[in-house]
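First comes the structure, then the notes that go with it.
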Amino acid sequence: MLTLGKIDHIHIRVSDGAKAAEWYDRVLGLAPDARFKHMQEGPHSAMMLANPSGTVRLAVSEEPGAGCLAGAVAFVVSGQDFLEWIDQLAGERVLNRDGQTIARDSVHDHGFFCSISFVDPFGNPFEIVSYDHTWLSGKLKLKRQPA
């Protein structure tokens, strides 16, 4: 049986490519990957943004009126990194889907993992997830909310 290796990239549509590139770099640490510069030209152009290790890539294309994926792109991190991401997102005044600024009380307790949901300036939804649930429950004093 054939199996998939890993996700190569997630394609994100935005209405302003320059604004998106600045936001993704400043907030998520994803910068243009020079190896994919040739993809920025032509009718199906996209700017490939990547983290420094190249393990996370987003192909961002500019389309008038674009934004708002149907689902969310979720990134997994350690418990300690999860806390740091909450602070990073809060410091950047990143909003959740309800238009509220991310804060430590924005964490969703799913019983065996925790998540924080947010949107980019174009309404595309993202999540940061950690499976270090027990450790985070103690640090954040989480109380599981009913489903």
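Residue 101 in the UniProt record's numbering sits at position 101 of the sequence shown, with consecutive numbering throughout. Virtual Cβ for every residue (Gly too), placed ideally from N, Cα, C. Just so it is clear, the structure is predicted and the values come from calculations on it, not from any experiment.
query: L142 - DSSP class collapsed to helix/strand/coil; result: coil
query: Identified DSSP bridge partners for T55; result: DSSP output for T55 lists no bridge partner at all.
query: Residues of its chain near W135, where Cβ-Cβ distance is below 6 Å and the 5 sequence neighbours each way are ignored; result: G79
query: Nearest candidate by alpha-carbon position, reference Y131, set G99, G111 and H11; result: G111
query: Between the CA atoms of G54 and G5 - distance to the nearest angstrom; result: 15 Å
query: Spatial neighbours of E127 in its chain, beta-carbon cut-off 8 Å, leaving aside the 5 residues before and after; result: A72, V73, A74, F75, S115, I116, S117 and F118
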